[in-house]
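Going by the UniProt record's numbering, the first residue of the sequence shown is number 1, and it counts up by one from there.
Before any comments, here is the structure.
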Amino acid sequence: MPAGELPLGVSGGVFAGVEGLVPDALADHLCSVQLIDHHVHGTFNERVDRAGFEAAINEGSTDPVPGFMTQFDSPLGLSIRRWCAPLLGLEPLAAADEYWARRSELSPEELARTMLPAAGVARWIVDTGFKGDLITTPDELTKLSDVPSSEILRLERLTEDLLEDGTSPDGFPDAFRAALRTAVDNPEVLGTKTIAAYRIGFDVNWTRPADAEVVAHARELSARPGPLRVDDEVLIAFGVHEAAAHGLPIQVHVGFGDRDMDLHRSDPMLLLPLLRAMSPVPVLLLHCYPFQRQAGYLAQAFDHVNFDVGLAINYLGVRSTGLVAEALETAPFAKQLYSSDAFGPPELHVLGSVLWRRAMGLVLGDWVRAGDCSDDDAIRIVDMIGVRNSERVYALPAHPGLPGRP
Ligand SMILES: [Zn+2]
């Protein structure tokens with residue numbers, strides 16, 4: 001057992017059941033490397049009931065889980081029973097009811113303190129834009145896990161906050177630019193994010209708008225009755241181009257999300273006009289499933305495009321090995337990043353890491369055994385995707401713990 005092995009409580013660790021398929025040096029490295037989770041949210045800070053928990057392990061539906069089924073009967077449910085049950089002192093694959101009974105004995109804080117260290121993460125890069133009051137803040141996540149957190153600024157949220165707080169439409173473009181300058185100066189903020197996929201889809205006009213046009217659209221949005229919600233392509237394109245002009249990396253929600261989103265309009269190929277026209281700051285295509293091949297192509301075609309397959313790794317469970325293999329098809333290894341995109345149950349923070357490590361071991365282990373790459377190559381690929389590419393994209397200080405750093 002390597003000294004830095006994740007505290008999973010499973011005999012054989014991450015590679016239980018597939019011993020022999022992953023070469024020892026690669027397996028040892030994958031069991032100990034401390035990852036950067038470049039797209040993640042907080043953990044629940046309040047108790048959830050079973051219905052709330054099951055809803056939190058279903059990304060697509062917004063309805064309660066129907067009575068004829070349980071969300072534990074899914075690839076993600078199986079993975080929770082296999083990998084998280086031992087963290088709670090149960091046997092792997094403990095029954096769903098038994099898992100739920102044991103989980104219910106622990107407070108949200110105890111659950112987070114048990115699960116988060118098992119993720120083996122050295123830094124969380126936290127998206128604070130959604131349902132911020134139900135989940136832990138970056139500071140709280142740091143307290144619960146003893147590792148640092150950084151933040152991502154959501155562009156649509158910034159627009160909504162400014163207009164809700166009384167910024168006049170005439171003053172909006174300059175107020176937005178001033179807020180971005182403040183963000184650039186804040187060392188906690190590493191980049192920005194757009195949820196254009198949820199609000200307008202990608203098949204829109206991505207031309208950089210003139211300020212007069214932005215003012216007109218801000219005025220129209222502010223005059224609408226009801227809560228302010230940015231679903232205006234001029235305002236969203238303005239935010240993205242301004243963030244790029246300020247030099248901030250931009251995360252873009254792509255693919256997999258709940259059914260409010262038109263999934264077919266979030267194919268990253270539809271972003272080609274934007275990618276060709278924008279200032280070439282790092283673009284991070286998030287999750288991408290089921291468009292991981294398109295994302296890999298774009299990462300090859302544009303120097304500033306990077307991508308991850310977070311979120312889907314958790315939801316595919318045992319089949320995440322196939323997803324990780326497809327993500328390794330076209331993109332240069334320097335263009336892919338690790339993320340869990342965990343939100344809510346801390347099971348998701350640990351599973352993202354465990355399933356990624358296991359899938360990387362199985363896929364790259366095949367390559368090593370077939371003579372297609374060396375042990376050292378496989379370990380370097382793990383370090384690029386798990387750590388170094390995030391360091392480069394977000395200009396983070398170099399990770400001290402990796403051997404053979406340039
Ligand atoms: Zn996400």
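All C-beta atoms, glycine included, are put in the ideal place defined by N, C-alpha and C.
What you are looking at is a predicted structure, and each value in this text was computed from that prediction instead of being measured.
Review point. Asp-127 CB to nearest chain B CB: under 8 Å?
Key: Absent from the structure is chain B; it holds one protein chain and no more.
Exercise for review: Measure the alpha-carbon distance for Val-14 versus Leu-323 and round it to whole angstroms.
Suggested key: 18 Å
Review point. If you draw a straight line from the C-alpha of Leu-106 to the C-alpha of Leu-78, how long is it?
Key: 21 Å
Check your understanding: Does the segment 109-119 come close enough to the segment 14-30 to have 3 or more Cβ pairs within less than 8 Å?
Key -> no
Practice item. Could you have a look at Glu-46 and say whether DSSP puts it in helix, strand or coil? Key: coil
**Study point:** Of the residues Thr-62, Glu-91, Pro-64, Phe-53, the one placed nearest Leu-76, counting alpha carbons only
**Key:** Phe-53
Check your understanding: Is Pro-403 helix, strand or coil by DSSP?
Key -> With a pLDDT of 49 at Pro-403, under the threshold of 50, the modelled position of this residue cannot be trusted; read the value that follows with caution. Here Pro-403 sits in coil by DSSP.
Practice item. Return yes when the Cβ of Ala-244 is within less than 8 Å of the Cβ of Val-281, no when it is not. Key: yes
Practice item. State the DSSP-derived secondary structure class of Ser-61, mapped to helix, strand or coil. Key: coil
Exercise for review: Taking the CB atoms as reference points, tell me whether Thr-321 and Leu-270 lie closer together than 8 Å.
Suggested key: no
Check your understanding: What residues in its chain sit with their C-beta under 7 Å from that of Gly-12, if we drop five residues either side in the sequence?
Key -> Glu-19
Practice item. Give the DSSP bridge partners of Gln-336, in chain order. Key: Phe-307
Check your understanding: What is the DSSP secondary structure of Leu-93, counted as helix, strand or coil?
Key -> coil
Check your understanding: In whole angstroms, what separates the C-alpha of His-38 from that of Ser-390?
Key -> 7 Å
Review point. In this structure, does DSSP put Gly-344 in helix, strand or coil?
Key: strand
Practice item. In angstroms with no decimal places, state the Cα-to-Cα distance between Met-278 and His-241. Key: 6 Å
Practice item. Take Tyr-198 as the anchor and find which of His-399, Gly-255, Asp-97, Val-387 has the nearest alpha-carbon. Key: Gly-255
**Study point:** Beta-carbon proximity of Gln-336 to Ala-299, cut-off 8 Å
**Key:** yes
Exercise for review: With Asp-37 as the anchor, note down where its alpha helix (DSSP H) starts and where it stops.
Suggested key: Not the alpha helix (DSSP H): Asp-37 falls in the beta strand (DSSP E), residues 35-40.
Check your understanding: What does a CB cutoff of less than 7 Å around Asp-170 pick up in its chain, not counting 5 residues either side in sequence?
Key -> Val-215
Exercise for review: State whether the segment 117-129 contacts the segment 346-362, with contact taken as three or more CB pairs (one from each stretch) at a distance under 8 Å.
Suggested key: yes
Review point. Taking three-plus beta-carbon pairs below 8 Å as touching, is the segment 59-67 in contact with the segment 80-92?
Key: no
Review point. What is the DSSP secondary structure of Glu-151, reduced to helix, strand or coil?
Key: strand
**Study point:** Under the three-state DSSP convention, the category Asp-127 falls into
**Key:** strand
Check your understanding: So which residues put a beta carbon under 6 Å from any heavy atom of ligand 1, going in chain order?
Key -> His-39, His-253, Leu-286, His-287, Leu-311, Asp-341
Review point. Should Ala-25 and Asp-375 be called a contact, given that it needs their Cβ atoms to be closer than 8 Å?
Key: yes
Review point. What residue from Ala-342, Lys-193, Gly-247, His-217 has the CA that sits closest to Arg-154's CA?
Key: Lys-193
**Study point:** In DSSP terms, what Lys-193 is bridged to
**Key:** Arg-154, Gln-251
Check your understanding: From which residue to which residue does the alpha helix (DSSP H) around residue 493 run?
Key -> Absent from the structure is residue 493, since the part of the chain shown begins at 1 and ends at 406.
Review point. What is the residue span of the alpha helix (DSSP H) that Val-281 lies within?
Key: Where Val-281 is concerned, there is no enclosing alpha helix (DSSP H), given that its DSSP letter is neither H nor E.
**Study point:** For Ile-385, three-class secondary structure by DSSP
**Key:** helix
Review point. Given Glu-347, which residues of its chain have a CB within under 7 Å of its CB, disregarding the five upstream and five downstream residues?
Key: Ile-80, Cys-84, Met-115
Point to revise | Rounded Cβ spacing between Gly-310 and Ser-340 (contact assumed at less than 8 Å) | key: 5 Å
Practice item. Report the three-state DSSP secondary structure of Glu-285 (helix, strand or coil). Key: Looking at the sequence shown, residue 285 is not Glu but Leu. Residue state, collapsed to three classes: strand.
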